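Protein chains: 2
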Amino acid sequence: MARSNTLQYMILGLLTRQPMTGYDIKQIFDKEKAEFWTAPFSQIYPELNRLLNKELISLVESTEINSRRKVYQLTKLGTDTFMDWLKLPLSPEITQLNNDDFILRLHFLGKEQIDILKALLEMRERTLKLELAELELELSEVVHHPEQFGRELIIQKELSNKKSDLKLWRSELKNL
Amino acid sequence: MARSNTLQYMILGLLTRQPMTGYDIKQIFDKEKAEFWTAPFSQIYPELNRLLNKELISLVESTEINSRRKVYQLTKLGTDTFMDWLKLPLSPEITQLNNDDFILRLHFLGKEQIDILKALLEMRERTLKLELAELELELSEVVHHPEQFGRELIIQKELSNKKSDLKLWRSELKNL
DNA sequence: CCATCCATGTAAGGAGTTACATGATTGG
DNA sequence: CCAATCATGTAACTCCTTACATGGATGG
């Protein structure tokens, strides 16, 4: 999942819930991770310092005077930056969304942001349909190569995963 | 998919089919990629030179005398290295297999290697059962947090994907 | 007092992306 | 002759992992 500042937005997203330390962020990654993502301290701490430098986050003044704990909170700029990123599915020039971009945003959406949530699900639905068509084509080609049995199984797996995704997002969209 | 020499084994795996150039390898990656993986020239060419250095591959003597084409073939060492990697699911000390390691090996398995294929599917089946149990637990926790609706959907997606995988591998195992 | 958890980092290196650079061959 | 394809690479940069380094606070 390279090349899109994933970590930056994950951290900003977590800080929208409440101010916290790098250590807290790591705890949440480890607890909520299994679904799709995690990061070690060696990525988190330097990233926090970069975000501080860019003034997307700031240090909460500590009551405990001689503690090394650094509690971070979002700045106005940080909140805006995160919300702009989250609203991607609402921008008219974007019509497709890969699984990673989709999941990452979905993670931070609740029923309060119903319009973003709907746009996100609809966009993913569109992309899934295209991906399914491509996979059907690949499957029809690979069946002529019995020596590539493993690859055929992979395509079947991808097909059944995407079909079940499409079904799930459609049914969720209906309930919104 | 870091830290496991993926590219090395992908290249060795493709070269078991027939000798080819870096350019050919890239073509195949682009054609067979969509399912899970690809690599740009800037990764392929340096990797080929590393494999040449390690004597896992060698240059095929060219008939065309003044061509810049470099056709690579597996050496005995390269073939052995690849087969050892492919046989991982047969090794008794390994009992679990994540999706990436599973898919990567499955890609190169045909019905000729029925014993490896069976062991691979069985091992993935075991791992899937554990992953499903974890996800069920996470789902039961997240339902108490309606503000994390997006995360709940992600867990549901993962659950339905893994359930459909489990069903698929079970039915394929029955047919082998 | 000692283990575990809390807490913050640096260093080294591998993996992956994007951009750049170059030139031969093939087919219309 | 010109465009597309074949063909091989380097450079710079970001992303990610593993290992290392340090020390305070808490609870049994």
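Residue numbers (full-length UniProt numbering), protein chains in the order written: chain A, 1 to 176; chain B, 1 to 176. Cβ atoms here follow ideal geometry from the backbone N, Cα and C, with glycine treated the same way. The model shown is predicted, which means the values in this text are computed figures rather than measured ones.
Taking a beta-carbon distance threshold of 7 Å, Arg170(A) does not count as an interface residue toward chain B. Gln156(B) reaches chain A at Leu168, Glu172, counting residues in chain order whose Cβ is nearer than 9 Å.
Chain order gives the chain A residues near Arg151(B) as Glu32, His107, where near means a beta carbon separation below 7 Å.
In this structure Leu106(A) is in contact with Leu153(B), their Cβ atoms being roughly 6 Å apart against a cut-off of 8 Å.
Taking CB atoms only, Glu147(A) has a neighbour in chain B less than 7 Å away.
A check of alpha carbon separations from Thr38(B) across Met20(B), Gln8(B), His145(B), Leu117(B) identifies Gln8(B) as the nearest. The segment 108-124 of chain B and the segment 68-82 of chain A do not touch, with fewer than three beta-carbon pairs separated by less than 8 Å. Contacts with chain A at 7 Å (Cβ-Cβ) do not include Lys118(B). By the Cβ neighbour-count rule, Ile155(B) is buried, with 16 or more other Cβ atoms within 10 Å of its own. In the three-state reduction of the DSSP assignment, Ser91(A) falls in the coil class, being assigned neither a helical nor a strand state.
Rounded to whole angstroms, the Cβ separation of Leu86(A) and Phe102(A) is 12 Å, and the two are not in contact under 8 Å.
For the UniProt domain "Transcription regulator PadR N-terminal" (11-81) of chain A, residues whose beta-carbon sits nearer than 8 Å to a beta-carbon of chain B comprise Glu32, Ala34, Glu35, Phe36.
Under the 10 Å beta carbon count, Phe41(A) is surrounded by fewer than 16 other beta carbons and is classified as exposed. For Ile114(B), not one C-beta of chain A is nearer than 7 Å to its own C-beta.
In the displayed model, Leu74(A) falls within a strand according to three-state DSSP. Ranking Asp100(B), Leu77(B), Lys118(B) by CA distance to the CA of Leu90(B) puts Lys118(B) first.
Under DSSP, the beta-bridge partners assigned to Ser58(A) are Gln73(A).
Between Met123(B) and Leu97(B), the C-beta spacing is below 7 Å. Within the same chain, and ignoring the five residues on either side of Leu139(A) in sequence, the residues whose Cβ sits closer than 8 Å to its Cβ are Glu152, Ile155, Gln156, Leu159.
Distance from the CA atom of Asp100(A) to the CA atom of Ser4(A), rounded to whole angstroms, is 10 Å. Taking 7 Å as the cut-off, the beta carbon of Gly78(A) is found no closer than this to the beta carbon of Leu48(A). For Asn5(B), not one C-beta of chain A is nearer than 7 Å to its own C-beta. CA-to-CA, the gap between Ile44(B) and Lys31(B) works out to about 15 Å.
Linking Leu166(B) to Lys129(B) through their CA atoms gives a straight-line distance of about 8 Å.
Between the beta-carbon of Leu173(B) and that of Leu121(B) there is about 5 Å, and that keeps the pair under the 8 Å contact cut.
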